[in-house]
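S.K.:
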Amino acid sequence: MQKKYKTELHCHSRDASPCADESAEGIVEKYVKYGYSTVVLTNHFSAVCHPTADYDKKSWAEKVRHFVNAYEILKDAAGDRLNILLGAEIRFPQYSNDYLVFGLTEEYLLARENFYLADIQAFHDEAWRELVTIQAHPFRWNMHVVFPWAVDGYEVFNGHPGQNSANKAAAAYAEYYPEKIITSGSDHHDKEHVPTGGIVTDFEIKTNEELIEVLKGRRYSLITDEGIKEVPKNG
Numbered sequence: 019m020q021k022k023y024k025t026e027l028h029c030h031s032r033d034a035s036p037c038a039d040e041s042a043e044g045i046v047e048k049y050v051k052y053g054y055s056t057v058v059l060t061n062h063f064s065a066v067c068h069p070t071a072d073y074d075k076k077s078w079a080e081k082v083r084h085f086v087n088a089y090e091i092l093k094d095a096a097g098d099r100l101n102i103l104l105g106a107e108i109r110f111p112q113y114s115n116d117y118l119v120f121g122l123t124e125e126y127l128l129a130r131e132n133f134y135l136a137d138i139q140a141f142h143d144e145a146w147r148e149l150v151t152i153q154a155h156p157f158r159w160n161m162h163v164v165f166p167w168a169v170d171g172y173e174v175f176n177g178h179p180g181q182n183s184a185n186k187a188a189a190a191y192a193e194y195y196p197e198k199i200i201t202s203g204s205d206h207h208d209k210e211h212v213p214t215g216g217i218v219t220d221f222e223i224k225t226n227e228e229l230i231e232v233l234k235g236r237r238y239s240l241i242t243d244e245g246i247k248e249v250p251k252n253g
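For the sequence shown, the tail end lands on 253 under my numbering, and the numbers increase by one without skipping.
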């Protein structure tokens, strides 16, 4: 039987997400234990998620460095035990919606000062060629589902144990737009949180380029609370 590889697509660390309390070392030990080969670190990166006066006083370069530093801390802690990729969970001013963004680099962020003060449509119009943008937990309380042309897809399984993410509603909605990418993630925040989401592939994802290719090519299956689910290939 061919070996399968698990990749987490929604994970936060305390080094950049104020709502998280898990250390980089704790994340590594946990995900290795549960058989993952790759973790995409998607810490919050937006003005509203860092409401402190000290953060507001930082330059854009300092904000980006703070954000990327958390990724570097996790990467150093992982060594050769786990592949770590840089992603983000971004919130724009219009709604309390959150968007997972894959394929990010420090250079990309530095070149787009205060991009999160625009809106999701403007961001996606500029980013879609290089990145993948997914609306996270679109049917969670206080969220507004955005039109499909404003994102690349939807998170249809969110494993946060402290939130009702209405995963079945998200999955049902996504069926109306089979051309869109669908994802799964644990939405990991806490020391007690057991990984329950992500994707499964036939090969180990080691780079942003490989992740983007896998997602756009639908070369993966979803990890959900009901087991492994195949992703439709005819979108």
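In this text, a Cβ means the ideal position worked out from N, Cα and C, and glycines have one as well.
Just so it is clear, the structure is predicted and the values come from calculations on it, not from any experiment.
Taking only three categories from DSSP, how would you classify Arg59?
M.R.: Per the sequence presented here, residue 59 reads as Leu, with Arg not at that position. Of the three classes helix, strand and coil, the one that applies to Leu59 here is strand, per DSSP.
S.K.: Note the first and the last residue of the continuous beta strand (DSSP E) segment covering Lys224.
M.R.: Where Lys224 is concerned, there is no enclosing beta strand (DSSP E), given that its DSSP letter is neither H nor E.
S.K.: With a Cβ-Cβ cutoff of 9 angstroms, do Ser202 and Leu233 count as a contact?
M.R.: The answer is no: Cβ separation not under 9 angstroms.
S.K.: According to DSSP, simplified to helix, strand and coil, what is Tyr195?
M.R.: coil
S.K.: Just the C-alpha distance for Phe63 and Lys81, rounded to the nearest angstrom, thanks.
M.R.: If I take the Cα positions, the gap works out to 9 angstroms.
S.K.: Taking 8 angstroms as the limit between beta carbons, can you name the residues of its chain near Ala187, skipping five residues before and five after?
M.R.: Closer than 8 angstroms at Cβ, skipping near neighbours: Phe157.
S.K.: Note down the Cα distance separating Asn101 from Gln20, rounded to an integer number of angstroms.
M.R.: For Asn101 and Gln20, the gap between their C-alpha atoms comes out near 20 angstroms.
S.K.: So, for Ile258: in the same chain, excluding its five sequence neighbours on each side, which residues have a beta-carbon less than 8 angstroms away from its beta-carbon?
M.R.: What is shown of the chain runs 19 to 253, which leaves residue 258 out entirely.
S.K.: Could you check what DSSP says for His142 in three-state terms: helix, strand or coil?
M.R.: Looking at His142 - three-state DSSP - the assignment turns out to be helix.
S.K.: Using the Cα positions of Glu231 and Asn87, report the straight-line distance between them to the nearest angstrom.
M.R.: Rounded to the nearest angstrom, the gap between the Cα atoms of Glu231 and Asn87 is 26 angstroms.
S.K.: The ligand NAD heavy atoms versus the CB of Ile223: any closer than 8 angstroms?
M.R.: The ligand NAD is not part of this structure, which contains no ligands at all.
S.K.: Please name the residue, chosen from Trp167, Asp137, Cys29, Leu92, that lies closest to Gln112 on a Cα-to-Cα basis.
M.R.: Asp137
S.K.: Any idea if Cys29 is buried or exposed, counting beta-carbon neighbours within 10 angstroms, 16 or more meaning buried?
M.R.: buried
S.K.: Using CA atoms only, rank isn't needed, just tell me which of Ile152, Gly53, Lys251, Asp205 is closest to Ser31.
M.R.: Asp205
S.K.: Looking at the unbroken alpha helix (DSSP H) that takes in Leu127, where does it start and where does it end?
M.R.: 124 to 128
S.K.: In terms of alpha-carbon separation, which member of Val50, Val163, Leu27 lies closest to Ala95?
M.R.: Val50
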